[in-house]
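Data block below; observations after.
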Amino acid sequence: MRIEQGFQQQPPPLLHPFLDDPILPVLVKRLFPPSSYATVVEELTRFGNDINGYIHELGKYVEPPTLIQYDHFGQRIDQLKTSEGWRQLKQVATKEGMVSIAYDRANHGSLARILMFIKTCLWAGDSHGVTCPLAMTDGAARVLELIGTCHMKEWLLPRLLSRDPQLAYTAGQWMTEACLVNLTHVSHTEAIAHPVYPNDTMQNGAPYRLSGVKWFSSATDGQLALALAQVPNQGLALFVVPMPSADVKKQSWDSCAPTAELELEDTIGFLLIAPSQTQGTIKPNGVRTISPVLNITRLHSAATSIGNLAKCLAIARSYAQVRQVADPAPGRVGGQALLVDVPLHTATLARVEVLRHALTHFLFGVVELLGASEAGTATNSERVRLRLLTPVLKAFAADRAVGGMEECMAALGGLGYMEETGIGRLIRDSLVEKIWEGTVNVLALDMLRAMRGGDAIKAFCEWSRAIIARYLGTLYQPHQTTTDTARKSKPEQLQFTRAPGPSARGTSRFRVISITARTVVSTRARRCDRPTLDRGRSSRGSLFGTQTKTGTR
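Residue numbering for the sequence shown follows the UniProt record's numbering, beginning at 1 and increasing consecutively.
Structure follows, in structure tokens:
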């Protein structure tokens with residue numbers, strides 16, 4: 001018998017990443033004012049159509065990068081070759097303004113960040129790793145916006161924010177060195193920078209010669225990079241560096257994104273430095289200078305994890321509407337039913353959907369804080385909460401999203417394990433998020449640093465208590481334990497820094513991430529998406545689009 005003569009499973013249709021999504025339309029309705037709501041919905045609808053159309057097709061032409069080290073005469077050329085699909089997807093990102101939208105504050109104000117990250121979540125599953133260089137380009141643009149020289153703001157920043165693929169730059173990030181694989185803080189950086197002109201040592205934009213080895217660098221096909229290096233007798237500093245050729249590294253995650261090990265030998269970089277607010281002098285505080293990059297890329301990491309989870313859920317939801325199995329209902333022996341009508345199956349997907357709802361609201365709660373901070377409208381309480389919650393969000397999303405994706409893979413049975421479904425690729429792509437920009441333990445330590453002084457925890461507890469007091473009468477029982485803890489807690493009870501031994505301290509560091517994340521999720525649940533949670537009591541209705549997409553501001 002020929003294959004086509006046997007059973008043929010009906011292919012699941014592609015769900016619209018925005019219109020068929022159970023949460024994003026509600027989120028847009030809640031966050032955007034009536035004056036811009038229709039325009040935003042129109043743009044996201046059009047973008048969703050493109051994702052299911054030509055953008056999805058471009059993914060078929062994405063291949064791993066290759067390095068041509070020698071030409072046919074034996075001359076060393078180190079030419080990096082990326083696939084046509086990868087280059088086309090980068091052009092899509094440029095045309096869509098996947099970075100520049102965040103800086104269009106003249107039209108969107110503090111909501112510019114919201115719109116950018118919604119688009120990131122929409123296309124993450126079809127981006128094939130292009131979100132990685134976009135994250136670092138975004139971080140580089142923010143640093144240049146804050147402390148770049150006039151020349152950098154005139155020539156480099158417009159290229160990082162350009163929507164013209166012929167002009168646009170992407171940026172890389174050179175932080176990781178071999179010594180940092182086992183050490184967790186960039187202050188141990190070994191790369192050295194010497195001034196080209198000794199009299200201009202601490203001038204912003206001054207040229208330096210960088211020497212050392214960067215064990216891992218991303219976006220190797222970009223046009224510039226931000227690099228950390230030690231300035232003798234001064235300390236760690238941040239530099240803008242033109243992108244050289246490099247030996248391409250093989251990695252276990254998205255093999256389509258070019259990464260490399262770089263040998264720097266008198267590589268020219270330009271110092272990025274800001275006057276010290278405490279002493280009125282200029283110091284090369286590389287850790288503080290690069291912190292905007294870390295905060296932004298961590299949010300991109302969380303958005304990619306959540307976007308990939310949403311894509312896996314969409315595949316599983318669509319498959320459940322076309323796949324027939326033996327009907328498990330009593331008295332229906334020999335009958336068949338769609339997976340969408342099997343309560344056990346929909347309950348499993350509903351649990352994953354609840355996770356995705358929680359992570360999405362967590363993400364956009366923090367993105368709101370970032371947007372307000374960049375627009376200059378954030379209060380001090382909002383700024384310290386942004387600093388506190390950014391590492392928590394990144395750690396929580398990276399840790400939980402992959403498990404949800406695995407459930408979606410299992411929801412397709414043996415078909416889910418096939419490469420063609422795309423879920424396996426999305427899981428592999430998302431595994432790196434547990435490591436990139438900090439593991440859970442590293443992020444827990446970063447959160448502890450943010451907690452020093454007590455201002456951040458105090459602001460967080462006051463925010464939590466205010467929301468719980470407002471919505472306490474409508475909170476569902478499953479949230480009650482966590483919300484009671486937050487409502488009754490005092491700032492000093494959330495410090496978790498006085499454990500007696502190393503083992504206990506390690507437990508406390510993970511616990512502080514977990515408790516803080518669960519508190520954010522539970523306190524935001526009723527505030528953010530009450531209609532969606534009401535619909536969520538019927539898992540089938542919430543999952544498979546029988547609801548009306550409405551929301552409250």
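Backbone N, C-alpha and C fix where the C-beta goes; we use that ideal spot for every residue, glycine too.
A quick note: this is a predicted structure, and the numbers were derived from the prediction, not measured.
Does the structure place the segment 147-159 close enough to the segment 68-86 that three or more beta carbon pairs sit under 8 Å? no
Classify Leu228: buried if its beta carbon has 16 or more other beta carbons within 10 angstroms, exposed otherwise. buried
DSSP has Ile147 in a bridge; who is on the other side? Note: Ile147 sits in no beta bridge, so no partner.
When burial is assigned at 16 or more other CB atoms within 10 Å of the CB, is Val333 buried or exposed? exposed
Euclidean distance between Cα positions of Gly6 and Asp126: Answer to the nearest angstrom: the Cα atoms are 31 Å apart.
Using only alpha-carbon positions, find the residue among Ala459, Gln9, Ala274 and Ala93 that is nearest to residue 559. As shown, the chain starts at 1 and ends at 553. That puts residue 559 outside it, with no answer to give.
Around the Cβ of Gln88, are there at least 16 other Cβ atoms within 10 angstroms (buried) or fewer (exposed)? buried
Assuming the contact rule is C-beta atoms closer than 8 Å, Asp446 and Val384 should be a hit. Round their C-beta distance to whole Å, please. Going by Cβ atoms, the distance from Asp446 to Val384 rounds to 14 Å, so no, they are not a contact pair.
With which residues is Gly269 paired in a DSSP beta bridge? Residue pairing of Gly269 in beta bridges, as defined by DSSP: Tyr208.
Three or more C-beta pairs below 8 Å linking the segment 413-427 and the segment 385-395: no
Measure the C-alpha to C-alpha separation of Arg163 and Arg323 and round it to an integer number of angstroms. 42 Å
For Met98, count neighbouring Cβ atoms within 10 angstroms of its own Cβ and tell me buried if that reaches 16, exposed if not. buried
Find the nearest neighbour of Phe396 within the set Ala303, Gln173, Pro13 and Glu42, judged by alpha-carbon distance. Ala303
When you compare only the Cα positions, how much space is there between Gln8 and Val325? In this structure, the alpha-carbon of Gln8 lies about 14 Å from that of Val325.
Using C-beta distances below 8 Å, list every residue in its chain close to Ser291, excluding the 5 sequence neighbours before and after it, in chain order. Cβ within range, chain order: n/a, list empty.
Beta-carbon proximity check, Glu261 vs Lys214, cutoff 9 Å: yes
Length of the line joining the Cα atoms of His16 and His194: 53 Å
Let me know if Tyr319 comes out buried or exposed under the rule of 16 or more other beta-carbons within 10 Å of its beta-carbon. buried
Please name the residue, chosen from Leu27, Val432, Val440 and Val354, that lies closest to Thr390 on a Cα-to-Cα basis. Per the Cα distances, Val440.
Distance between Asp399 and Ile3 (C-alpha atoms, nearest Å): 41 Å
Using DSSP with H/G/I as helix, E/B as strand and the rest coil, what is Glu382? helix
In its own chain, which residues sit with a C-beta less than 7 Å from the C-beta of Gly371, not counting the 5 before and 5 after it? Ser110, Leu111, Ala112, Arg113 and Ile114
If Ala401 and Ile306 are in contact, beta carbons under 8 Å, what's the gap, nearest whole angstrom? 6 Å
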